[in-house]
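Novice:
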Amino acid sequence: MRKNVNLYVVGCGDAFGSGGQFQSCFLINDAHGAMAVDFGATSLVALRAAGLDPQMIDHIVLTHFHGDHIGGLPFFLLDREYSARVCTPLRILGPRGLSERLQSLMECMFPGAWKENWRFPLELIEIEPDLPLQIGERRILSKKVQHPTGPYDATALRIETCDRVIAFSGDTGWVDGLYEISAGSDLFICECFDIEEQPYEGHLSLPVLLSKLPDVHSQRILLNHLGPEMLSNRSTIPYEQLSDGATYSI
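Convert by adding 83 to the 1-based position in the sequence shown; the result is the number in our numbering.
1. Taking the alpha carbon of residue 327 as the reference point, which residue from 215, 258, 128 has its own alpha carbon closest?
2. For residue 330, which residues of its own chain have a beta-carbon under 8 Å away from its beta-carbon, when the five flanking residues on both sides are left out?
3. So, for residue 243: in the same chain, excluding its five sequence neighbours on each side, which residues have a beta-carbon less than 6 Å away from its beta-carbon?
4. How many Å lie between residue 180 and residue 309 at the Cα?
5. Taking the beta strand (DSSP E) that residue 218 falls in, what are its first and last residues?
6. Can you look up residue 326 in the DSSP assignment and give me helix, strand or coil?
7. Counting Cβ pairs, one atom from each stretch, are 3 or more of them under 8 Å apart for the region 94 to 109 and the region 301 to 321?
8. Taking the continuous alpha helix (DSSP H) assigned at residue 239, which residues delimit it?
9. For residue 170, which residues in the same chain have their Cβ closer than 7 Å to its Cβ, ignoring the five residues on either side in sequence?
10. Checking the sheet assignment: what are the DSSP bridge partners for residue 224?
11. Of the residues 285, 298, 278, 283, which one's Cα is nearest the Cα of residue 271?
12. DSSP three-state call for residue 302: helix, strand or coil?
13. Would you report the Cα separation of residue 161 and residue 293, rounded to the nearest angstrom?
14. Under a Cβ-count criterion, where at least 16 other Cβ atoms within 10 Å of its own Cβ denotes burial, should residue 123 be classed as buried or exposed?
15. When burial is assigned at 16 or more other CB atoms within 10 Å of the CB, is residue 274 buried or exposed?
16. Have a look at residue 215 and residue 209 and give me their C-alpha separation to the nearest angstrom.
17. Note down the Cα distance separating residue 130 from residue 163, rounded to an integer number of angstroms.
18. For the alpha helix (DSSP H) holding residue 128, just list the boundary residues, first then last.
19. If you measure between the beta carbons of residue 157 and residue 235, is that distance less than 7 Å?
20. On the criterion of 16 or more Cβ atoms from any shown chain inside 10 Å, does residue 290 qualify as buried, or is it exposed?
21. Would a check of beta-carbon distances place residue 170 closer than 7 Å to chain B?
22. Can you list the alpha helix (DSSP H) stretches of 4 or more residues lying completely in the region 150 to 225, in chain order?
The structure is reproduced here in structure tokens:
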């Protein structure tokens, strides 16, 4: 019998806390453990507010290096170092430059706090776009997307586990690689920040998605990272939208 894969929305908000929502963090629970996708600055607080033990997380996968997607990692690492009852191993995966960016973030927020030898086994793994990566029983594919992150990649992710597929657009304007990332997925978590098209690149708008999503082959499309205007017009939007605390079982 196949066991369910559960997705818990720890946070699905934008960088500005629009609508009082927590920043990006999703928790995948499956037969292989607990994997977080992104870990925004509010994520440790959001986990505790939901009654979830942060120490259950054994993998964290990052779409890109903006603070609303990685800003909670220093708090998470220090909590695991100094407060955890059990020192379980942790893997953090992300785009090229992961080690450099994480150590710089730690130094900025807690000078001198980075350790070469943590109390728990820590492994940092950089994901090469377009090259499938097997991590235990899970398979991860990343693709570059359109989102300004300086010299570093912003990526979409496709995570295959227990014969299920969960796809994440990450933060991006439309790129055709999203068709491959989402093809045949059980859930496609797709950002939609703007209700109208804006004259800047890097985020998706509802008009663009209305033209693209009919050709996306996913069992269920869930809109994520909603901006203020999207939140104010939820009832008029013809696709499901995420909310903090929602749980999906596939």
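No residue lacks a Cβ here, since even glycine has one placed at the ideal position from N, Cα and C.
Specialist: If we stick to the structure as given:
1. Reading the sequence shown from its first residue, position 244 is the one you call residue 327. It is 128.
2. Position 247 of the sequence shown, counted from the start, is the residue given in the question as residue 330. Cβ within range, chain order: 89, 90, 91, 92.
3. Start at 1 with the first residue of the sequence shown, and residue 243 comes out as number 160. 222.
4. Taking the sequence shown and counting its residues from 1, one reaches residue 180 at position 97. Taking the sequence shown and counting its residues from 1, one reaches residue 309 at position 226. The C-alpha of residue 309 is placed about 28 Å away from the C-alpha of residue 180.
5. Within the sequence shown, residue 218 is the residue found at index 135, counting from 1. 216 to 218 is the span of the beta strand (DSSP E), which, as asked, contains residue 218.
6. Translated into positions along the sequence shown, residue 326 becomes position 243. Reduced to three states, the DSSP call for residue 326 is coil.
7. Yes: at least three Cβ pairs fall under 8 Å.
8. What you label residue 239 is simply residue 156 of the sequence shown in a count that begins at 1. Premise fails: residue 239 lies in the beta strand (DSSP E), 238 to 244, not in any alpha helix (DSSP H).
9. For the purposes of this step, residue 170 is taken as the residue at position 87 of the sequence shown. Within the same chain, Cβ atoms closer than 7 Å to the Cβ of residue 170 are found at 202, 203, the five residues on either side in sequence being excluded.
10. In the sequence shown, residue 224 corresponds to position 141, counting from 1. Residue 224 pairs with 241.
11. If you number the sequence shown from 1, residue 271 lands on position 188. Restricting attention to 285, 298, 278, 283, the CA atom closest to the CA of residue 271 is found in 298.
12. Counted from its first residue, the sequence shown places residue 302 at position 219. Of the three classes helix, strand and coil, the one that applies to residue 302 here is coil, per DSSP.
13. Residue 161 sits at position 78 when you count from the first residue of the sequence shown. Residue 293 sits at position 210 when you count from the first residue of the sequence shown. C-alpha separation (whole angstroms): 43 Å.
14. By 1-based counting over the sequence shown, the position of residue 123 is 40. The residue in question, residue 123, is buried, as its Cβ has 16 or more Cβ neighbours within 10 Å.
15. On the sequence shown, residue 274 is found 191 positions in, with the first residue counted as 1. Buried, because 16 or more other Cβ atoms sit within 10 Å of the Cβ of residue 274.
16. Position 132 of the sequence shown, counted from the start, is the residue given in the question as residue 215. Position 126 of the sequence shown, counted from the start, is the residue given in the question as residue 209. C-alpha separation (whole angstroms): 12 Å.
17. If you number the sequence shown from 1, residue 130 lands on position 47. If you number the sequence shown from 1, residue 163 lands on position 80. In this structure, the straight-line span from the alpha carbon of residue 130 to that of residue 163 is close to 14 Å.
18. For the purposes of this step, residue 128 is identified with residue 45 of the sequence shown, where counting begins at 1. Counting along the chain, the unbroken alpha helix (DSSP H) around residue 128 starts and ends at 126 to 132.
19. Within the sequence shown, numbered from 1, the residue matching residue 157 stands at position 74. Within the sequence shown, numbered from 1, the residue matching residue 235 stands at position 152. Against a cut-off of 7 Å, the Cβ pair of residue 235 and residue 157 comes out as no contact.
20. Locating residue 290 in the sequence shown gives position 207, counting from the first residue. Label assigned to residue 290: exposed.
21. Here chain B cannot be found, since the structure has a single protein chain.
22. Listed in chain order, they are 150 to 153, 156 to 165, 181 to 192.
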